[in-house]
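One structure is given below, encoded as structure tokens.
Number of protein chains: 2
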Amino acid sequence: MIMEQKHLTLRDHAGLLRLLGHPVRLAIIQRLAAGPRCVTDIQELLEKPQANVSQHLMALRAHRIVDHYQDGKLRCYYLARPGLAKLLADVLENGYAVVRPSPEQVRRDASRLRGETAAEIPRNGRGRQLRGRPRRLAELTTEQNR
Amino acid sequence: MIMEQKHLTLRDHAGLLRLLGHPVRLAIIQRLAAGPRCVTDIQELLEKPQANVSQHLMALRAHRIVDHYQDGKLRCYYLARPGLAKLLADVLENGYAVVRPSPEQVRRDASRLRGETAAEIPRNGRGRQLRGRPRRLAELTTEQNR
DNA sequence: CCATCACATTAGAATATTCGAATATGATTA
DNA sequence: TAATCATATTCGAATATTCTAATGTGATGG
Numbered sequence: 001m002i003m004e005q006k007h008l009t010l011r012d013h014a015g016l017l018r019l020l021g022h023p024v025r026l027a028i029i030q031r032l033a034a035g036p037r038c039v040t041d042i043q044e045l046l047e048k049p050q051a052n053v054s055q056h057l058m059a060l061r062a063h064r065i066v067d068h069y070q071d072g073k074l075r076c077y078y079l080a081r082p083g084l085a086k087l088l089a090d091v092l093e094n095g096y097a098v099v100r101p102s103p104e105q106v107r108r109d110a111s112r113l114r115g116e117t118a119a120e121i122p123r124n125g126r127g128r129q130l131r132g133r134p135r136r137l138a139e140l141t142t143e144q145n146r
Numbered sequence: 147m148i149m150e151q152k153h154l155t156l157r158d159h160a161g162l163l164r165l166l167g168h169p170v171r172l173a174i175i176q177r178l179a180a181g182p183r184c185v186t187d188i189q190e191l192l193e194k195p196q197a198n199v200s201q202h203l204m205a206l207r208a209h210r211i212v213d214h215y216q217d218g219k220l221r222c223y224y225l226a227r228p229g230l231a232k233l234l235a236d237v238l239e240n241g242y243a244v245v246r247p248s249p250e251q252v253r254r255d256a257s258r259l260r261g262e263t264a265a266e267i268p269r270n271g272r273g274r275q276l277r278g279r280p281r282r283l284a285e286l287t288t289e290q291n292r
């Protein structure tokens with residue numbers, strides 16, 4: 001078993017997230033998380049036309065989110081990375097829950113941030129950030145995005 | 147502080163993932179994970195035109211991934227959901243790592259799946275899935291995707 | 001071998017995203 | 001108050017994604 005860790009760029013990461021960012025593909029992953037399914041079953045569960053489901057499966061296959069084995073004339077798809085579904089669920093359940101802080105909370109947040117992250121934010125005497133000066137420009141800006 | 151949990155659909159989830167699925171937006175999140183930054187600093191770090199960065203910030207704002215406070219004439223952006231960045235990192239580091247199993251492994255996986263998930267996969271005597279029969283069609287297919 | 005089932009692939013129209021250019025706005029400074 | 005700085009917004013054009021319809025393909029059954 002060969003591991004590949006070829007310097008995944010932001011572009012790669014974004015590609016994965018975009019791939020996951022489609023309701024039908026999420027639905028497929030959700031269904032496959034409960035066990036392998038053949039294409040026709042998936043179609044029926046999602047109530048989507050065959051070609052469309054097949055296309056989404058193709059996309060998921062291309063990124064190795066899913067894989068399949070042949071069972072007679074059926075193709076049974078399954079999640080190629082069992083861990084991903086759970087991680088994804090975490091993001092979507094915990095990460096998306098919208099917390100709407102009161103304006104007061106926002107202000108407290110802001111001053112907390114102002115105060116506590118002073119080491120990270122360069123500022124001048126009056127609590128305002130330095131501008132027009134050579135701030136930290138050297139932080140692997142080499143990595144090209146998009 | 148008011149919590150909102152308005153029945154997030156697959157569509158909502160997909161929307162979040164698509165939003166996150168852009169290299170510049172990921173870069174912004176990555177930078178903000180280290181502490182608040184004003185727009186100009188972000189621009190310079192990412193080497194992207196102002197309008198573009200502003201547009202991406204607007205998108206992130208709309209989904210409450212980021213928020214900002216005004217500091218003089220600067221707008222300092224920060225991550226509105228600190229947890230999300232870490233969850234995201236988990237997905238991208240652990241979830242994306244491409245494991246390329248050997249063909250043998252794939253076959254073993256397949257037979258393991260065939261054997262062990264029998265309870266999940268309806269089959270007939272010869273180890274082939276039932277088809278054309280009323281399989282499990284009742285699984286909240288009500289939730290519309292897309 | 002021929003028909004059929006289960007699925008994949010292609011092609012192109014419809015739709016959505018993204019970007020750069022231009023312009024607008026709000027806070028600060030002169 | 002005028003100029004300027006920092007940032008936002010708007011408007012198309014360029015590009016990418018997604019869907020539907022049509023067709024191709026491989027395995028199986030007759």
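Chains as they are written, first to last, in our numbering: chain A, 1 to 146; chain B, 147 to 292. Don't be surprised by glycine CBs; every beta carbon is placed ideally from N, CA and C.
Cβ-Cβ distances below 8 Å link A:Leu19 to Arg25, Ala59, Leu60, His63 and Ile65 in the same chain, with the five nearest sequence neighbours on each side left out; the list follows chain order.
Take A:Val53, set aside five residues on each side of it, and the residues of its chain with a beta-carbon closer than 6 Å to its own are Ile42 and Gln43, in chain order. If you ignore the 5 residues before and after A:Ala27, its C-beta comes within less than 7 Å of the C-beta of Leu46, all in its own chain and listed in chain order. A:Leu20: member of the alpha helix (DSSP H) spanning Leu10 to Leu20, first to last residue. At the C-beta level, A:Ala33 and A:Ala85 come within 8 Å of one another.
For the region 165-184 of chain B, the set of residues with a beta-carbon nearer than 9 Å to any beta-carbon of chain A comprises Leu165, Leu166, Gly167, His168, Pro169, Val170, Arg171, Leu172, Ala173, Gln176, Arg177, Ala180, Gly181, Pro182, Arg183 and Cys184, in chain order.
In the DSSP assignment, B:His214 falls within the beta strand (DSSP E) that extends over Val212 to Asp217. Contact check for B:Val237 against A:Leu87 passes: the beta carbons are separated by less than 8 Å. Chain-ordered listing is empty here: chain B has no CB closer than 7 Å to the CB of A:Val66, the nearest sitting near 12 Å.
Membership of A:Arg31 in the alpha helix (DSSP H) is indicated by the continuous run Pro23 to Leu32.
Around the C-beta of A:Lys48, 16 or more other C-beta atoms lie within 10 Å, and the residue is accordingly described as buried. By the rule that beta-carbons nearer than 8 Å mark a contact, B:His153 does not touch chain A. Rounded to whole angstroms, the separation of the alpha carbons of B:Ala160 and A:His13 is 15 Å. Buried is the label assigned to B:Pro169, since at least 16 other Cβ atoms lie within 10 Å of its Cβ. Relative to the Cα of B:Pro182, the nearest Cα in the group B:Tyr223, B:Asn240, B:Gly167 and B:Ala235 belongs to B:Tyr223. With respect to B:Arg221, B:Cys184 sits close: the two C-beta atoms are nearer than 8 Å. Within the same chain, and ignoring the five residues on either side of A:Tyr69 in sequence, the residues whose Cβ sits closer than 6 Å to its Cβ are Cys76.
DSSP places A:Arg37 in the strand class (E or B) of the three-state scheme. For B:Arg207, there is no enclosing beta strand (DSSP E); the enclosing alpha helix (DSSP H) has its first and last residue at Gln196 to Ala208.
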